[in-house]
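Enquirer: Residue numbers (the working numbering): 3 to 222. For each residue, glycine too, the CB sits at the ideal point set by N, CA and C.
See the structure below:
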């Protein structure tokens, strides 16, 4: 799974953002939507990657020593004890009436906000076991404050391009994470997309966010 170690070394501090590698605002942008949680305190932040075409496929969200993935919430994130998984597979709507805060759970995902349906698949995870916390640990431990995937091995959550959720949803985007916290998240997300579903034309992009808002690059 070394495909995520391609070089995104150029981090240039500009007038309003860090720019990672060769990328342009307007192509596979990150957006963050805020909403009031159903039962947990704070706010819920949903992270979406915007597709350019209905045939685009997202491959992975990743971090490593060259492109760290960082999510920081100083007050800690809400992780429901009713979802034992780091992804959304345990966020079953059938239980919302009994455990309202289950829908506020923080999780990593690829295009899913609950268990995978027909044709879709729950995302898989590879991660450096020496990370503290690991990706899975961050999304299952109540009160986790920071995820920093910054080692050579790094980590990634991903789906195969045969999964239905590799394609964008009806709104032309992919949900890649949900965070519920009383403090607004800051950090960097890196992700890989296959334009028109073609892996040979892969695009890797890094987007910074501060206090729950995406940082628009200087050329945006």
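Please return the same chain residues whose Cβ sits closer than 7 angstroms to the Cβ of residue 88, not counting the five positions on each side in sequence.
Expert: Here the question's residue 88 lines up with position 86 in the chain shown. For residue 88, where only same-chain residues beyond five positions count, the Cβ hits under 7 angstroms are 109, 110, 127, 137, 138, 141, 142.
Enquirer: Which residues share a DSSP beta bridge with residue 112?
Expert: Counting from one through the chain shown, the residue named residue 112 turns up at place 110. Partner(s): none; residue 112 has no beta bridge.
Enquirer: Quick one, which of 170, 192, 183 has its alpha-carbon nearest residue 199's?
Expert: On the chain shown, position 197 is the one that residue 199 refers to. Looking at the Cα atoms, 170 is the closest of the given residues.
Enquirer: Express the C-alpha separation of residue 106 and residue 212 in angstroms, rounding to a whole number.
Expert: Stepping through the chain shown from its first residue, residue 212 is reached at position 210. Stepping through the chain shown from its first residue, residue 106 is reached at position 104. Near 21 angstroms, if we compare the C-alpha coordinates of residue 106 and residue 212.
Enquirer: With distance defined between alpha-carbon atoms, name the residue in 181, 41, 207 nearest to residue 98.
Expert: By one-based count along the chain shown, residue 98 stands at place 96. Out of 181, 41, 207, 41 has the C-alpha closest to the C-alpha of residue 98.
Enquirer: When the Cα atoms are used, what is the spatial distance from residue 37 to residue 46?
Expert: Within the chain shown, numbered from 1, the residue matching residue 37 stands at position 35. Within the chain shown, numbered from 1, the residue matching residue 46 stands at position 44. If I take the Cα positions, the gap works out to 5 angstroms.
Enquirer: Among residues of its own chain, excluding the 5 on either side of residue 214, which ones have a beta-carbon nearer than 7 angstroms to its beta-carbon?
Expert: Reading the chain shown from its first residue, position 212 is the one you call residue 214. 34, 36, 47, 186, 187.
Enquirer: What do you get for residue 116, buried or exposed, if any count of 16 or more other CB atoms within 10 angstroms of its CB means buried?
Expert: Counting from one through the chain shown, the residue named residue 116 turns up at place 114. It counts as buried.
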